[in-house]
Amino acid sequence: MYRFLLTPRWWGINVFVLLAIPFCVFMGSWQLGRFEDRVDDHRTAEAQATSNRHEAARPLAELLPVDKATVGKQTTATGRYDRQFLVPDRTLDDRRGYYVLTLLRTDSGHALPVVRGWLPGEPDPARAPAPPTGEVTVTGALQASETPGENGVTARGGLPAGQTAAISAATLVNLVSYDVYDAWVTLNRGDSGMTAVPASAPQNTGLDLKAFQNLGYTAEWFAFVGFVIFMWFRLFRREVEFIRDAELGLLPEGTEADEDSSRARRPSPSGV
């Protein structure tokens with residue numbers, strides 16, 4: 081009855097199943113490994129953030145360029161405040177508001193974006209405190225330039241003058257006539273009564289949407305394994321039922337199932 085398994089059609093089905101199952105298992109295991117790596121990165125980032133808060137501030141030049149090892153480190157820089165911008169659509173403690181971002185002109189000729197604090201509501205230049213005059217020294221957590229559309233950073237354009245969607249050198253160099261560091265600093269204490277903005281973890285180190293996408297893909301790949309096995313058994317059972325029906329004469333002559341079953345049961349010319 082099971083001689084049909086040796087037909088070319090079933091050879092193709094069996095080879096497909098034998099290749100599909102290990103491939104799906106491999107892909108599911110790989111996606112699970114990606115999720116576990118993100119969990120480990122998240123734990124490492126949390127531990128690093130805790131230790132960074134207790135470290136002494138280091139000069140900015142010693143921590144550039146920003147990477148996973150230096151992001152969140154305490155840094156200090158000296159200069160004079162210059163242009164000020166508002167960064168809309170920023171949430172803090174489940175409240176919608178905006179950052180007050182001021183460029184600090186340093187002796188190097190580059191400007192350091194400094195988030196002096198957060199204010200609730202819609203961006204309003206009249207409510208944003210003016211920066212201190214004269215030479216100032218700032219201390220805060222070093223952050224990597226933001227990418228629009230990632231980690232909650234808005235990608236919308238057409239903002240009013242004096243606003244910027246992302247805190248990044250690529251954006252700010254189009255708004256000022258001098259060079260800007262490819263990094264920014266959030267003050268440990270909010271300036272002029274504003275709320276301090278906590279340092280954020282480096283990109284791709286948190287349990288964000290991408291992490292749970294990896295977990296979802298893991299479930300999908302292992303579900304594919306079950307689906308492949310289920311379909312094989314379904315096709316196998318249907319083939320067996322067709323053969324039984326053909327043997328009992330329940331199928332009309334000339335049907336594809338009857339012909340396949342007959343070929344599967346038909347003895348070879350040699351009589352074997």
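Residues 81 to 352 in our numbering are what the sequence shown lists, from first letter to last.
Note that the Cβ used here is the ideal one computed from N, Cα and C, for glycine as well.
Compute the Euclidean distance between the alpha carbons of Leu98 and Ala291, then round it to the nearest angstrom.
-> Computed Cα separation, rounded: 30 Å.
Can the beta-carbon of Gln164 be found closer than 9 Å to that of Asn268?
-> No, they are not a contact pair.
If you draw a straight line from the alpha carbon of Trp91 to that of Gly296, how long is it in whole angstroms?
-> Going from the Cα of Trp91 to the Cα of Gly296 covers about 33 Å.
Determine the closest residue to Met274 out of Arg83, Val195, Leu222 and Pro240, with distance taken between C-alpha atoms.
-> Minimum Cα distance to Met274 is reached at Val195.
Can you list, in chain order, the residues of its chain whose CB lies under 7 Å from that of Gly201, leaving out five sequence neighbours each side?
-> Excluding sequence neighbours, Gly201 sits near Gly177.
If we count the other Cβ atoms within 10 Å of its Cβ and call it buried at 16 or more, is Thr217 buried or exposed?
-> Under this definition Thr217 is an exposed residue.
What's the gap between the Cα of Met311 and the Cα of Glu321?
-> So the two alpha carbons sit approximately 15 Å from each other.
Take the Cβ of Leu370 as the centre, count every other Cβ of all protein chains shown within 10 Å, and call the residue buried at 16 or more, exposed below.
-> Residue 370 lies beyond the stretch modelled for the chain, which goes from 81 to 352, so this question has no answer here.
For Phe115, which option in Leu330, Ala303, Asn294 and Val151 has the closest C-alpha, if you only look at C-alpha atoms?
-> When each option's Cα is compared against that of Phe115, the closest is Asn294.
Ordered list of beta strand (DSSP E) runs contained in the region 213-270, each at least 3 residues = List check, beta strand (DSSP E) in window: 215-223 and 264-267.
Got a sec? Which residues, its chain only, sit under 7 Å from Leu112 by beta carbon, not counting five neighbours each side?
-> Excluding sequence positions up to five before and after Leu112, its CB lies within less than 7 Å of the CB of Thr298, all in the same chain and listed in chain order.
Beta-carbon gap between Asp259 and Ser225 smaller than 9 Å = Not closer than 9 Å, so no.
Ignore the nearest five residues each way along the sequence and tell me which others in Gly220's own chain have a CB closer than 6 Å to its CB.
-> If you ignore the 5 residues before and after Gly220, its C-beta comes within less than 6 Å of the C-beta of Val265, Thr266, Leu267 and Asn268, all in its own chain and listed in chain order.
Given Gly108, which residues of its chain have a CB within under 7 Å of its CB, disregarding the five upstream and five downstream residues?
-> Leaving aside the five residues that flank Gly108 on each side, the residues in its chain whose CB is nearer than 7 Å to its CB run, in chain order, Thr298, Trp301 and Phe302.
Whole-angstrom distance between Gly270 and Thr186, CA atom to CA atom | Each residue's CA atom was taken as its position, placing Thr186 and Gly270 some 21 Å apart.
Neighbourhood of Leu172 by C-beta, 6 Å cutoff - its chain only, sequence neighbours within 5 removed | Closer than 6 Å at the Cβ level, and outside the excluded window around Leu172, lie Trp198.
Glu215: which of Leu183, Ala249, Thr244 and Ala245 sits nearest, CA to CA?
-> Nearest C-alpha to Glu215: Leu183.
Helix, strand or coil: how does DSSP classify Thr150 here?
-> Of the three classes helix, strand and coil, the one that applies to Thr150 here is coil, per DSSP.
Collapsed DSSP secondary structure at Thr124 in the structure displayed = The three-state reading of DSSP puts Thr124 in helix, counting H, G and I together.
Identify the residues that DSSP records as bridge partners of Thr171: which are they?
-> Paired residue(s): Arg176.
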